[in-house]
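Trainee: Got a structure here, written out as structure tokens. Questions coming.
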Amino acid sequence: DDPALLAAFQARIDAGEKIEPKEWMPEGYRKTLIRQIGQHAHSEIVGQLPEGNWITRAPTLERKAILLAKVQDEAGHGLYLYCAAETLGVSRDELTEALLSGKMKYSSIFNYPTLTWADMGAVGWLVDGAAIMNQVPLQRTSFGPYARAMVRICKEESFHQRQGYDIMMKLAQGTPEQKAMAQDALNRFWYPSLMMFGPSDKDSVHSAQSMAWKIKMNTNDELRQKFVDQTVPQAEYLGLTVPDPAVKWNEEKGGYDFSEPDWAEFFEVIKGNGPCNAERIEARQKAWDDGAWFRDGLMAHAAKQRTAKVA
Ligand code: FAQ
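Numbers in UniProt numbering are just positions in the sequence shown, counted from 1, shifted up by 12.
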């Protein structure tokens, strides 16, 4: 890239201007955005699976209607984000193929199983809680379509987080068995939720450049700390215990001390070796294969329209 163009581009970013799809941008900026927005979209789509698992088994009609609405929102977020990625010159088919071949990732969190109804509470409370912590600052990200997508998505995520906390509250105030179920879900989802923010800053390969371009607004560790600070008092309010004996308020730093997740486990999960990776990709592959007739139908119809116009 021409150094003068690069400098002018960086000056726009530094001045807080939004970059729009048809404007000049460095190839690296475009590639980083396609990677991040694409992976974000894949996460929303794959993220429907652990909760979809419980729609038919929700304990009441009301809970079922709420969960169904939440999962539908996730589908909407995914499609919305694929559209934002498409403005950068990549097609949805290409993104899907990259997901299915393992070239592109999706959030590590969705490779853990949802074993009990309490997991619906933990996912809403912790997973959506972590997602919001990451996505609220992204409303100010430098790429216009991504920033605008985040505004609507964050509104819906905050409803998702509250519905999860409400499930946890009901269980925590329920029978001893229900409270134990809520505690078990917190035990299993705590560290995987901390992993959602990505590796520690010293191992985060993309952070420095992404922050200079305002594609990311905070480092992984900054957001993880904010998440812990927000979540520990919420666990206390529920009467549940965060499964980390090192969690302790640190007056000096004005935040909680806590233990790092097992990073070896994290790297295994993102390499494809988590508990549910194979199952998740199989489900997406099946959906892709089952939809082939429909995509073919649309193409055939479009071709027919084109010939009709020429004639
Ligand atoms: N999982 O250099 P960094 C949701 C990869 S919310 C898998 O730090 P970066 C809502 C990373 O891609 C979840 N892979 O990377 C919902 C890179 O590999 P690559 C989605 C991860 O990009 C709730 C490598 O490690 N949210 O779905 C993870 O600067 C409930 C090095 O890492 C977003 O995507 C991980 N946790 O920072 C739905 C938010 N962490 O690409 C349903 C937007 C790192 O070179 C139910 N994304 N990696 O092959 C971001 O903010 C960033 O991309 C980070 C990672 C923070 C995720």
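Glycine is no exception: its CB is placed at the ideal position from the N, C-alpha and C atoms.
This structure is a prediction, so every number in the text was calculated from the model and none was measured.
Considering only residues of the same chain and omitting the five flanking positions on each side of GLU263, which have a CB-CB separation below 7 Å?
Mentor: So no residue of the chain qualifies.
Trainee: Exposed or buried, what is MET311 when buried is set at 16 or more other beta-carbons lying within 10 Å of its beta-carbon?
Mentor: Exposed, by the Cβ-count rule.
Trainee: Quick one: is the Cβ of ARG47 within less than 6 Å of any heavy atom of the ligand MG?
Mentor: This structure simply doesn't include the ligand MG; it includes the ligand FAQ instead.
Trainee: Thinking just about the alpha-carbon of each residue, which of MET180, ASP215, PHE122, GLN221 is nearest to the one in SER205?
Mentor: Nearest C-alpha to SER205: PHE122.
Trainee: Using a 10 Å radius around the Cβ and a threshold of 16 neighbouring Cβ atoms, would you call SER222 buried or exposed?
Mentor: Its Cβ being crowded by 16 or more others within 10 Å, SER222 is buried.
Trainee: Applying the criterion that 16 or more other CB atoms from any shown protein chain within 10 Å of the CB defines a buried residue, is PRO245 buried or exposed?
Mentor: Label assigned to PRO245: exposed.
Trainee: Give the DSSP-derived three-state secondary structure of ILE227 in the structure shown.
Mentor: Three-state result, ILE227: coil.
Trainee: Quick one: is GLN297 buried, meaning 16 or more other Cβ sit within 10 Å of its Cβ, or exposed?
Mentor: GLN297 is exposed by the Cβ-count criterion.
Trainee: Assign LYS283 to one of three DSSP states: helix, strand, or coil.
Mentor: It is helical.
Trainee: Using alpha carbons as the reference points, say which of ALA16, ALA142, ALA247 lies closest to residue 9.
Mentor: Residue 9 lies beyond the range of the chain shown here (13 to 323); nothing can be said about it.
Trainee: Skipping 5 residues on each side, what residues in its chain have a beta carbon closer than 8 Å to that of MET116?
Mentor: Closer than 8 Å at Cβ, skipping near neighbours: ARG47, GLY50, GLN51, HIS54, LEU107, ALA110.
Trainee: Could you tell me which residues DSSP puts in a beta bridge with PHE155?
Mentor: For PHE155, which the question treats as bridged, DSSP gives the partners ILE31.
Trainee: Taking 7 Å as the cut-off, decide whether the C-beta atoms of ALA161 and ALA96 are in contact.
Mentor: Result yes, Cβ atoms of ALA161 and ALA96 sit closer than 7 Å.
Trainee: For a test of your reading of the model: does the CB of ALA143 fall under 6 Å from any non-hydrogen atom of the ligand FAQ? Yes or no.
Mentor: Yes, the Cβ of ALA143 comes within 6 Å of a heavy atom of the ligand FAQ.
Trainee: For the ligand FAQ, any of its heavy atoms closer than 6 Å to the Cβ of ASP233?
Mentor: No, the ligand FAQ has no heavy atom inside 6 Å of this Cβ.
Trainee: Return no unless some Cβ of chain D is closer than 7 Å to the Cβ of SER170.
Mentor: This model lacks chain D altogether, as it is built from one protein chain only.
Trainee: Is the CB-CB distance between LEU61 and ARG236 below 7 Å?
Mentor: Not in contact: LEU61 and ARG236 (Cβ atoms no closer than 7 Å).
Trainee: For TRP261, write down the residues that DSSP places opposite it in a beta bridge.
Mentor: DSSP, once it has assigned bridges, lists TYR268 as partnering TRP261.
Trainee: Taking the runs of the alpha helix (DSSP H) that are 4 residues or longer, which of them lie wholly in the region 101-129?
Mentor: The region 101-129 contains these whole alpha helix (DSSP H) runs: 104-112.
Trainee: Just tell me which of ASP301, HIS218, ASP14 has its CA closest to the CA of THR44.
Mentor: Of ASP301, HIS218, ASP14, the residue nearest in Cα terms is HIS218.
Trainee: Assign PHE209 to one of three DSSP states: helix, strand, or coil.
Mentor: Note: PHE209 maps to coil in three-state DSSP.
Trainee: Check whether the Cβ of ASN289 sits closer than 6 Å to any heavy atom of the ligand FAQ, and report yes or no.
Mentor: No; taking the cut-off as 6 Å, the Cβ of ASN289 has no heavy atom of the ligand FAQ nearer than that.
Trainee: So what's TRP300 in DSSP terms, helix, strand or just coil?
Mentor: Note: TRP300 maps to helix in three-state DSSP.
Trainee: On the three-state DSSP scale, how would you describe ALA295?
Mentor: The answer is helix: DSSP assigns ALA295 an H, G or I state.
Trainee: From PHE270 to VAL254, what does the alpha carbon distance come to, in whole angstroms?
Mentor: Those two C-alpha atoms are separated by around 10 Å.
Trainee: Can you tell me whether VAL322 is buried or exposed, with buried defined as 16 or more other CB within 10 angstroms of its CB?
Mentor: Flag for VAL322 reads exposed.
Trainee: Can you tell me whether TYR249 is buried or exposed, with buried defined as 16 or more other CB within 10 angstroms of its CB?
Mentor: It counts as exposed.
Trainee: DSSP three-state call for ASP196: helix, strand or coil?
Mentor: Note: ASP196 maps to helix in three-state DSSP.
Trainee: By a C-beta neighbour count over all protein chains shown, 10 Å radius and 16 as the cutoff for buried, is VAL163 buried or exposed?
Mentor: So VAL163 ends up on the exposed side.
Trainee: Along the alpha helix (DSSP H) that carries SER216, what are the first and last residues, could you check?
Mentor: Note, SER216: premise wrong, no alpha helix (DSSP H); not H, not E.
Trainee: Is the number of C-beta pairs between the region 176-191 and the region 122-139 that are closer than 8 Å three or more?
Mentor: Yes, the region 176-191 is in contact with the region 122-139.
Trainee: Relative to the alpha-carbon of LEU112, which residue among GLU168, PRO125, ALA295 has its alpha-carbon at the smallest distance?
Mentor: The residue with the shortest Cα to Cα distance from LEU112 is ALA295.
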